[in-house]
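In my numbering, the protein residues as written are 31 to 273.
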């Protein structure tokens, strides 16, 4: 990095060349984790910490290291106890817990939001996954509208909101059971639809597998499907498409 900056100072390289070089600089190796500190240069948003499978101490340390050089750091699938630890450890940072989404945000969220992402659920049992998608998209700078409990068991509920859906730039549809709602929505709008199967349902739903297969076999064009309960992935993709 020092050599690159010296070349920039002496005029041997351009700002564009420096930015290209920074995109591939080494990560920070903590031994138990390798922090990709330049992901925001390549992807437009910093690395996000998945809390599952990590000890509280390591989660806090990873986020502490990342927040030293990033305006906003997210930790997903985070419990209240993790949030309490992080708030005590990062006293100089703004630490916010989005309980329904199970997301911790460390730093300053975007001051303004752009575009239009609509997050739709089939039922209220799908709301936790939908909130993970909605909060992720909001923290990445998207303007999000929520439309919950409008599943196909009462299809008139979603039909009544066609005007809202048709104004969206991207739509995230979250559903369990048979997973039919994304097909219905995609048949009504021009915008791309991101389908999120949830593990909501009885025995033959196979913890979301039935919804996943139903969404992947959608007869409506313009539907992309993420993994079961992957609200984060849907919100991230929606925000990228909304830029």
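Don't be surprised by glycine CBs; every beta carbon is placed ideally from N, CA and C.
It should be emphasised that the depicted structure is a prediction, and the values quoted were computed from it without experimental measurement.
_CB of residue 209 within 7 Å of CB of residue 227, strictly_ = The residue given as residue 209 occupies position 179 in the chain shown. The residue given as residue 227 occupies position 197 in the chain shown. Yes. Within cutoff.
*Should residue 137 and residue 172 be called a contact, given that it needs their Cβ atoms to be closer than 7 Å?*
The residue given as residue 137 occupies position 107 in the chain shown. The residue given as residue 172 occupies position 142 in the chain shown. Against a cut-off of 7 Å, the Cβ pair of residue 172 and residue 137 comes out as no contact.
_Only counting the same chain, and skipping five residues up and downstream in sequence, which positions put a Cβ closer than 8 Å to that of residue 199?_
Your numbering for residue 199 matches position 169 in the chain shown. If we look at residue 199 and ignore the five residues flanking it on each side, its Cβ neighbours are 145, 146, 147, 221, 271, 272.
*Roughly how many whole angstroms lie between the Cα atoms of residue 255 and residue 127?*
Position 225 of the chain shown, counted from the start, is the residue given in the question as residue 255. Position 97 of the chain shown, counted from the start, is the residue given in the question as residue 127. Between residue 255 and residue 127, the C-alpha separation is close to 27 Å.
*Have a look at 119, 183, 214, 229 and flag the residue whose alpha-carbon is nearest the alpha-carbon of residue 160.*
Taking the first residue of the chain shown as 1, we reach residue 160 at position 130. Of the candidates 119, 183, 214, 229, the one whose C-alpha sits nearest the C-alpha of residue 160 is 229.
_Sequence-distant residues of its chain with Cβ nearer than 7 Å to residue 195 (five each side left out)_ = For the purposes of this step, residue 195 is taken as residue 165 along the chain shown, with counting starting at 1. For residue 195, where only same-chain residues beyond five positions count, the Cβ hits under 7 Å are 148, 201, 215, 218, 219.
*Anyone know if the C-beta pair for residue 104 and residue 139 falls short of 7 Å?*
Stepping through the chain shown from its first residue, residue 104 is reached at position 74. Stepping through the chain shown from its first residue, residue 139 is reached at position 109. No, the pair does not count as a contact, with Cβ atoms beyond the cut-off.
*Please classify residue 81: is it buried, with 16 or more other beta-carbons within 10 angstroms of its beta-carbon, or exposed?*
As a first step, residue 81 is located in the chain shown; it is residue number 51 there, counting from the start. Buried, by the Cβ-count rule.
*Enumerate, from N- to C-terminal direction, the unbroken alpha helix (DSSP H) stretches of 4 or more residues contained entirely within the region 52-105.*
69-73, 86-97
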